[in-house]
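In the UniProt record's numbering, the protein residues as written are 1 to 295.
What follows is a set of notes on a single structure, which appears directly below.
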Amino acid sequence: MKIPSIVFALLFTSFSYSQNISGKAYYESKTTVDMDNFGRRDMTEDMKKQIKERMKSFLEKTYILTFNGNESIYSEDEKLEAGDNGRGFGMMMSSFSAGDQYKNLETNQLIEEREFFGKQFLVKDTITNLRWEVGKESKQIGQYLVIKATAYKQVDPNDVSMMRRRRDRDNEEKNEAEKKEDTTKVEDPFEDLEIPKEVLVTAWFTPQIPVKNGPGEYAGLPGLILELNVDRTTILCSKIIINPKEAEAIQPPSKGEEVSREEYNKIVKEKTDEMRENFRNGGGRRGGGGRRFGG
């Protein structure tokens with residue numbers, strides 16, 4: 001990781017401060033959807049607006065990062081009601097619920113709670129150390145000077161949280177013709193979605209808060225990440241509380257069946273494949289031989 005001289009100067013003056021630092025950072029997360037390429041060609045602007053509004057609770061969230069020198073807990077501040085999820089995208093997204101996420105920078109440990117189709121999982125993993133490139137570009141976020149860093153992140157092919165609309169629409173007319181021929185065919189909500197192989201991650205970190213932490217699973221820069229851009233998602237810090245009088249104890253989450261990342265992704269893939277098959281054969285209705293989780 002290449003670090004310009006301005007970062008060294010800030011780090012030198014704040015190194016001893018980092019040993020006893022603790023606090024809370026509040027983040028606003030927003031994911032955009034390319035509505036121009038969303039849905040069928042005959043979808044009206046009013047229909048797109050209604051869908052966008054129904055998706056809002058999935059795409060706009062508030063999180064709190066509670067941290068000290070080596071540990072942190074990242075949790076959703078307020079869970080918004082999704083309303084009538086219906087079928088397709090809404091039903092799919094409501095089945096993937098992320099809980100608290102714990103990071104230990106000293107042991108490189110990552111633990112997160114996940115709820116998948118009503119079952120609790122405790123996913124244990126290691127922190128992915130991205131190859132950050134720190135540039136010379138800087139700006140102000142509130143009272144803090146932040147410096148830009150970029151890295152490419154490899155995406156697990158089974159990570160459904162990274163699903164996005166396919167950009168290739170070359171076969172759209174062919175697909176539309178097939179649908180007209182078979183009016184009984186049920187639309188597969190996964191058909192026009194894809195998982196990218198890698199995404200560009202852009203982070204803005206401040207050496208003025210010298211903890212190598214940030215929102216979600218991201219870490220490893222010489223200062224707290226205050227802004228993060230990953231694909232179509234932007235996470236921006238809106239409030240920071242440093243060294244409160246009563247610092248909260250940070251404990252790893254403990255609810256759910258313990259699984260590794262690989263085991264969890266395998267469970268998700270199997271259930272997602274089953275869900276797609278049910279949509280194709282049974283119109284998205286329950287039944288049709290569908291398997292539920294036990295316990």
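Quick reminder that beta carbons are idealized off the backbone N, C-alpha and C, glycines included.
Since we're looking at a predicted model, the values are computed, not measured.
- prompt: Expressed to the nearest angstrom, what Euclidean distance is found between the alpha-carbon atoms of E28 and L236?
  reply: 5 Å
task: May I ask which residues mark the beginning and end of the beta strand (DSSP E) holding F67?
output: E60 to N68
Q251 burial status per 10 Å Cβ neighbour count (16 or more: buried): Q251 is exposed by the Cβ-count criterion.
query: Can you tell me whether G142 is buried or exposed, with buried defined as 16 or more other CB within 10 angstroms of its CB?
result: exposed
- prompt: Cα-Cα, which of D125, E262, Q120 and K24 is closest to I111?
  reply: D125
- prompt: By DSSP, does E257 sit in helix, in strand, or in coil?
  reply: strand
query: When the Cβ atoms of the segment 250 to 264 are set against those of the segment 56 to 74, are three or more pairs found closer than 8 Å?
result: The segment 250 to 264, when compared against the segment 56 to 74, does touch it at the 8 Å Cβ threshold.
message: Looking at K103: is its Cβ nearer than 8 Å to the Cβ of E60?
response: no
- prompt: Under a Cβ-count criterion, where at least 16 other Cβ atoms within 10 Å of its own Cβ denotes burial, should residue 358 be classed as buried or exposed?
  reply: No statement about residue 358 is possible, as the shown extent of the chain runs from 1 to 295 and does not include it.
field: Beta-carbon gap between N129 and G216 smaller than 8 Å
entry: no
- prompt: Identify the residues that DSSP records as bridge partners of R114: which are they?
  reply: A98 and F121
query: Nearest to D156 by alpha carbon, out of N20, R261, V146 and K271?
result: R261
task: Give a yes or no on whether the C-beta atoms belonging to L200 and Y144 are separated by under 8 Å.
output: no
query: What residues match up with N229 in a beta bridge as DSSP calls it?
result: T202 and T234
query: Do you know whose CA, among A149, A25, R276 and N108, lies nearest P222's CA?
result: A149
query: Hey, would you say Y63 sits closer than 8 Å to D46, going by beta carbons?
result: no
query: Can you tell me whether N118 is buried or exposed, with buried defined as 16 or more other CB within 10 angstroms of its CB?
result: Note that residue 118 is Gly in the sequence shown here, rather than Asn. Residue burial annotation: G118 is exposed, with fewer than 16 other C-beta atoms found within 10 angstroms of its C-beta.
- request: Could you name the residues of the same chain whose beta carbon sits closer than 7 Å to that of I241, not counting the 5 residues immediately before and after it, in chain order?
  value: Here the set comprises G23 and K24.
field: From F205, E270 and I21, residue whose alpha carbon lies closest to that of V134
entry: F205
message: Could you give the first and the last residue of the continuous beta strand (DSSP E) run that contains I147?
response: Where I147 is concerned, the enclosing beta strand (DSSP E) stretches over Y144 to Q154.
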